[in-house]
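Chemist:
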Amino acid sequence: MKDIALAYHKNGKPGKLAIEITKPVADENDLALAYTPGVSHAVQAIADDPSSVYDYTAKGNLVAVITNGSAILGMGNLGPSAAKPVMEGKAILFKKCADIDAIDIEVDASDPETFIDTVARISPTFGGINLEDIKAPDCFIIEDELRKRLDIPVFHDDQHGTAIIVSAAILNGLEVQKKSIKNTKIVFIGAGAAAIATAKHLVNLGFEKDQITMLDRQGVINHKRTGLNRYKQEWARQTEINTLDQAVVGADVVVGLSGPNILTTQHISQLGDKPLVFALSNPTPEIMPDLVQSVKHDAIIATGRSDFPNQVNNLLCFPYIFRGALDSQSKTISRDMMTAATKAIMKLAKEPVPTEVINLSKRKNLSFGPNYIIPLALDYRLKHVVSKAVSDCAAVCEE
Numbered sequence: 000m001k002d003i004a005l006a007y008h009k010n011g012k013p014g015k016l017a018i019e020i021t022k023p024v025a026d027e028n029d030l031a032l033a034y035t036p037g038v039s040h041a042v043q044a045i046a047d048d049p050s051s052v053y054d055y056t057a058k059g060n061l062v063a064v065i066t067n068g069s070a071i072l073g074m075g076n077l078g079p080s081a082a083k084p085v086m087e088g089k090a091i092l093f094k095k096c097a098d099i100d101a102i103d104i105e106v107d108a109s110d111p112e113t114f115i116d117t118v119a120r121i122s123p124t125f126g127g128i129n130l131e132d133i134k135a136p137d138c139f140i141i142e143d144e145l146r147k148r149l150d151i152p153v154f155h156d157d158q159h160g161t162a163i164i165v166s167a168a169i170l171n172g173l174e175v176q177k178k179s180i181k182n183t184k185i186v187f188i189g190a191g192a193a194a195i196a197t198a199k200h201l202v203n204l205g206f207e208k209d210q211i212t213m214l215d216r217q218g219v220i221n222h223k224r225t226g227l228n229r230y231k232q233e234w235a236r237q238t239e240i241n242t243l244d245q246a247v248v249g250a251d252v253v254v255g256l257s258g259p260n261i262l263t264t265q266h267i268s269q270l271g272d273k274p275l276v277f278a279l280s281n282p283t284p285e286i287m288p289d290l291v292q293s294v295k296h297d298a299i300i301a302t303g304r305s306d307f308p309n310q311v312n313n314l315l316c317f318p319y320i321f322r323g324a325l326d327s328q329s330k331t332i333s334r335d336m337m338t339a340a341t342k343a344i345m346k347l348a349k350e351p352v353p354t355e356v357i358n359l360s361k362r363k364n365l366s367f368g369p370n371y372i373i374p375l376a377l378d379y380r381l382k383h384v385v386s387k388a389v390s391d392c393a394a395v396c397e398e
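Going by numbering that gives the first Met the number 0, the sequence shown opens with residue 0, and the numbers climb by one from there.
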């Protein structure tokens with residue numbers, strides 16, 4: 000796999016991106032329109048009406064995929080250059096899935112203020128900013144400040160993309176298991192950007208904070224803990240529970256956003272009946288599906304991997320969130336737009352699956368149930384369904 004992957008990135012033109020020309024430049028007449036003197040008319044039009052930049056330039060369909068490389072995948076802080084293959088990969092998914100032009104930008108800035116200032120200064124180039132692979136808690140600070148300063152959508156996919164997909168899967172999974180939101184006990188293993196954002200989104204969707212127990216490397220985040228940053232402090236429960244062993248007892252949902260092999264069959268055996276087990280560490284989950292099934296045959300299992308059912312993949316979300324936001328020329332991606340995306344994904348999972356989509360999967364029985372609670376990541380229907388839900392929501396919010 001390593002040699003094949005390296006050859007894939009190296010052979011031909013190195014990397015995964017190139018730039019295409021969208022207007023003819025075949026002769027002197029074309030050149031006069033593309034550059035001087037014709038371009039001056041577009042310049043003046045934008046100077047007279049700044050909003051016309053969306054009419055005369057590529058801004059309205061251009062997203063920046065930006066990182067400082069401080070939290071690359073599950074590999075850690077390897078720096079901006081090492082992050083470039085991932086950001087190029089994200090950019091080609093924008094194009095492939097939602098026909099959005101995206102450019103990767105790697106910023107050599109380890110402190111949030113420098114990063115924020117850099118992104119803010121280059122933001123006039125783009126119609127949207129996708130933040131990626133930035134460590135917590137810096138990612139919270141960076142996104143919050145950029146949202147305040149910029150008049151284009153800013154979206155940290157590691158937070159909100161994960162939150163949207165995981166929440167859609169949880170709600171559909173609970174429906175399959177015939178469990179109500181009101182009585183659901185949820186445990187998060189991990190308290191980074193993805194876990195905190197997902198917990199917040201679940202609360203927005205109707206859960207109560209006291210239904211959620213969150214753990215970091217030191218154990219349960221509770222009222223007895225000291226030295227918590229303000230983002231973790233928000234999830235400190237009034238409880239005497241301190242350990243993972245205690246937290247999983249009777250839980251209906253376990254969401255692993257941490258690291259490989261953290262859960263054991265003993266932990267799984269302590270869960271309630273018909274649990275949801277989301278082991279999302281990638282490529283090695285917190286526990287393998289066969290081990291879950293060996294002690295809880297009625298569990299619904301999701302992972303981040305494509306070789307198991309119920310793959311939780313941000314690809315179901317981020318291209319289409321931006322497609323909807325760009326189509327509506329929204330200045331932000333609001334909480335309501337994220338909720339609209341969640342509900343659209345949930346609904347699509349309950350629709351009959353076209354043959355063309357089934358043929359993309361090794362599994363031929365794709366119908367709503369324990370092994371199909373969210374759509375496939377490559378389901379072409381997502382582009383229309385999710386983008387429209389987001390765009391429609393943005394339009395209503397603007398009224």
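Every residue, glycine too, gets a C-beta built ideally from N, C-alpha and C.
Just to confirm the assignment, what range does the beta strand (DSSP E) spanning Ala63 have?
Modeler: Segment 61 to 66, the beta strand (DSSP E) holding Ala63.
Chemist: Using 10 angstroms around the beta-carbon of Gly255, count the other beta-carbons present and answer buried if the total reaches 16, otherwise exposed.
Modeler: Classification of Gly255: buried, given that the 10 Å Cβ count is 16 or more.
Chemist: Per the DSSP calculation, Tyr371 is bridged to which residue(s)?
Modeler: Partner(s): Gly368.
Chemist: State the Cα-Cα distance for the pair Ala135 and Ser327, rounded to the nearest angstrom.
Modeler: Roughly 30 Å between the two C-alpha positions.
Chemist: Where does His8 sit, in a helix, a strand or coil, going by DSSP?
Modeler: Note: His8 maps to helix in three-state DSSP.
Chemist: Any idea what DSSP makes of Gln176, helix, strand or coil?
Modeler: DSSP places Gln176 in coil when its eight states are reduced to three.
Chemist: Helix, strand or coil for Arg120, going by three-state DSSP, please let me know.
Modeler: Correct three-state label for Arg120: helix.
Chemist: Out of Leu243, Leu270, Asn370, Thr35, which one is the CA nearest neighbour of Asp306?
Modeler: It is Asn370.
Chemist: I want to know whether the stretch 341 to 353 touches the stretch 266 to 283 - three or more CB-CB distances under 8 Å.
Modeler: The stretch 341 to 353 vs the stretch 266 to 283: no contact.
Chemist: What would DSSP say about Asn309, mapped onto helix, strand or coil?
Modeler: If DSSP states are grouped into helix, strand and coil, Asn309 belongs with coil.
Chemist: Assuming Glu131 and Ile65 make a contact with CB atoms under 8 Å, what is their CB distance in whole Å?
Modeler: Right, their Cβ atoms sit about 7 Å apart.
Chemist: Could you tell me the boundaries of the beta strand (DSSP E) in which Leu214 lies?
Modeler: Note, Leu214: beta strand (DSSP E), 211 to 215.
Chemist: Gly88 lies in the alpha helix (DSSP H); which residues open and close that run?
Modeler: Unbroken alpha helix (DSSP H) run through Gly88: 79 to 97.
Chemist: What does the Cβ neighbour count give for Ile169, buried or exposed, with the cut at 16 atoms within 10 Å?
Modeler: Ile169 should be labelled buried.
Chemist: Check whether the Cβ atoms of Thr197 and Val247 lie closer than 7 Å to each other.
Modeler: Contact: no.
Chemist: Which residues in the same chain have their Cβ closer than 7 Å to the Cβ of Gly368, if we skip the five residues on either side of it in sequence?
Modeler: So the list reads Val175, once near-sequence residues are dropped.
Chemist: Could you tell me whether the stretch 375 to 387 touches the stretch 199 to 212, using the rule of 3 or more Cβ pairs below 8 Å?
Modeler: The stretch 375 to 387 is not in contact with the stretch 199 to 212.
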